[in-house]
Amino acid sequence: MGIEVSAVPFSSQSGSGHDCDVLIVGGGINGCGIARDLAGRGFRVLLCEKDDLASHTSSSSTKLIHGGLRYLEYYEFSLVRKALQEREVLLKSAPHIMWPLRFVMPHDPAQRPAWMIRIGLFMYDHLARREVLPASRGIDLREHVAGEPLKKEFKRGFVYSDGWVDDARLVVLNAMDARERGAQVLTRTRCVSAVRDAGGWSVVLEGPGGQREVRARAVVNAAGPWAESFLRGVARPAAGEALATKSLRLVKGSHIVVPRIFTHDHAYIFQNPDKRIIFAIPYQDSFTLIGTTDIEIAGDDPGAAHIEKDEIDYLCVQASRYFDKPVTPADVVWTYSGVRPLLDDASGDPSAVTRDYLLESNTSAAPLLSVWGGKITTFRKLAEDAADEVSRMLGEPRPAWTDGAFLAGGDLSPWIGQASRPDADFERFVDALHARYPWLGGMLGRRLARAYGARVDRILGDAKSVSDLGAQVAPGLYEAELRYLQREEWAQTGEDVLWRRSKLGLHLAPAAREQVEQWMLSHAAPPNNNEARKEAIFAAQP
27 MGIEVSAVPF SSQSGSGHDC DVLIVGGGIN GCGIARDLAG RGFRVLLCEK
77 DDLASHTSSS STKLIHGGLR YLEYYEFSLV RKALQEREVL LKSAPHIMWP
127 LRFVMPHDPA QRPAWMIRIG LFMYDHLARR EVLPASRGID LREHVAGEPL
177 KKEFKRGFVY SDGWVDDARL VVLNAMDARE RGAQVLTRTR CVSAVRDAGG
227 WSVVLEGPGG QREVRARAVV NAAGPWAESF LRGVARPAAG EALATKSLRL
277 VKGSHIVVPR IFTHDHAYIF QNPDKRIIFA IPYQDSFTLI GTTDIEIAGD
327 DPGAAHIEKD EIDYLCVQAS RYFDKPVTPA DVVWTYSGVR PLLDDASGDP
377 SAVTRDYLLE SNTSAAPLLS VWGGKITTFR KLAEDAADEV SRMLGEPRPA
427 WTDGAFLAGG DLSPWIGQAS RPDADFERFV DALHARYPWL GGMLGRRLAR
477 AYGARVDRIL GDAKSVSDLG AQVAPGLYEA ELRYLQREEW AQTGEDVLWR
527 RSKLGLHLAP AAREQVEQWM LSHAAPPNNN EARKEAIFAA QP
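27 is the number of the first residue of the sequence shown in the working numbering; add one for each residue after it.
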């Protein structure tokens, strides 16, 4: 990570003429994380996202909270240390959507020698302090449960710890926390113009209600794959000034989902002959998630990214090198692709491009902060660094606060008392939930607990039976939950509900998915998640 500063510090005082202190462009994990941090410091924040929250890169990850074991080979020690430090901070902040996960690496002598792997895992264990996650160790795959689905030629292996995250829900929880601290979060609202002068930014937003113009003291460009194009097209600099000084490399990562290959709770990391790795991860109880690819794209719309046949073939072939039962394209039940906005570091291999981030500040006129690169594991630290820098640019330094803070639903103590280990705390919470609502079925109760954590009672309320949740719109999905998602989580379409707020789309037949879509259309909430929630940010405008 770095911070680059151009020009001299800019000072703008809040007051009349500015609708907000900071306008953030982009509703992915970085934008929502920065909005949360700044709002918690008392700044007036407005975030706009042209689509739904987490519509693109931030819902298309491999869904891991991890240090990035393979980055050690590229000498990215600073990035790995920072990510390892963040793992347990995040696990403690939201134990309902994040939990520890053990990874098994079968040893293939043709790829990397055992001594190299042992050294790498030793460094991985000791680059950062661990309180929750156990250390790595060697295992005999002929005796360990993880050896059962593998080809018998793999006799040795290594097991180490990282974490799992529901990536799209992580974005939403940050947005919820930002809103509850005073931020305005506008989805399906595009920034079509941002004009800069010495006194601030004049920004035109276009959303469901038409166009609005707002004045902001500072702008944060957290547009992810669109960060460079925002600076080259939407943002208008002062005369003779070039805003875009960096370039992004857009690298597509694709994943496949197949019926469950193994029944234990470990994940796998497989080494490939091309020196890349892929993961095979337990997913949604009934499935296995396999990914990812690394394919550089150029000139394409990042929002149109989709998996190609050769990517499916690649993932199937590489997984089949290890699993006893071959994985074939015919097994694939779902795919997804996302575009990683990686800072161009002139590396020839897309897999070797740094996943670290750079924050570039520009104060030659009204403050502008651009976010380049990053990975989901380090989002909180990125947001903290970004908020520090925005505070500095505005001449109002305010202390950081998110280290140790819970995300929405993450504080389970009202249900279970004093916390201990995040994973054990969650199981205690599930027990407490079923004790309070004994009529909840096991699968429904656990799904709701995973999704909403301590806030699950905002859906269940005083319900005494499942019938009190309203009509069942699709198997296991009731009106009370859909209303909550509309009211609290900006959900407007069936896709928002089935593929981002949840992954119920994987479990439902097409007819049931259509029922959800029709319910959302016929019960449409006002634009931007309940107009009554929003403060009168535009009240002074005619």
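Even glycine gets a Cβ: it sits at the ideal position worked out from N, Cα and C.
- For Ala477, the enclosing alpha helix (DSSP H) has its first and last residue at 468-478.
- Closest in alpha carbon position to Gly66, among Val246, Asp203, Leu368, is Asp203.
- Pairing Gly225 with Leu117 gives a Cβ-Cβ distance that is not under 9 Å.
- A straight-line Cα-Cα distance of about 32 Å links Tyr340 and Leu384.
- Just so you know, the alpha carbons of Arg62 and Glu514 end up roughly 16 Å apart.
- In summary, Tyr97 is buried, with 16 or more beta-carbon neighbours lying within 10 Å of its beta-carbon over all protein chains present.
- Residue nearest to Tyr348 within the set Tyr362, Ser312, Ala306 is Ala306 (criterion: CA-CA distance).
- In terms of Cβ geometry, His292 and Ala172 form a close pair [threshold 9 Å].
- When rounded, the separation of the alpha-carbon atoms in Pro234 and Arg113 is 38 Å.
- With fewer than 16 other Cβ atoms from the protein chains shown falling within 10 Å of its own Cβ, Trp141 counts as exposed.
- Taking the C-beta atoms as reference points, Val198 is found no nearer than 9 Å to Trp545.
- In this structure the region 304-322 does not touch the region 202-216; the number of beta carbon pairs closer than 8 Å is below three.
- CA-to-CA, the gap between Leu64 and Asp411 works out to about 11 Å.
- DSSP lists Glu232 as the beta-bridge partner residues of Gln237.
- Taking a C-beta distance under 9 Å as the contact criterion, Arg462 and Leu368 do not qualify as a contact pair.
- Contact check for Arg262 against Ser312 fails: the beta carbons are separated by 9 Å or more.
- DSSP lists Leu176 as the bridge partner or partners of Phe349.
- In its chain, beyond the 5 residues on either side, Ile123 have a beta carbon closer than 6 Å to the beta carbon of Arg195.
- Taking Arg476 as the centre and dropping the five residues before and after it, the same chain places the C-beta of His122 closer than 6 Å to its C-beta, in chain order.
- When Cβ pairs closer than 8 Å are counted between the two stretches, the region 74-93 is seen not to touch the region 424-440, the count staying below three.
- Excluding its 5 nearest sequence neighbours in each direction, Ala506 has C-beta neighbours in its own chain below 7 Å: Ile485, Leu495, Gly496, listed in chain order.
- Straight-line measurement puts the Cα of Thr213 at about 6 Å from the Cα of Asp77.
- At least 9 Å separates the beta-carbon of Met131 from that of Gly94.
- For the pair Asp357 and Val284, the CB atoms are nearer than the 9 Å cut-off.
- Proximity to Asp327 across Ser363, Tyr309, His549, Pro308 peaks at Ser363, based on C-alpha coordinates.
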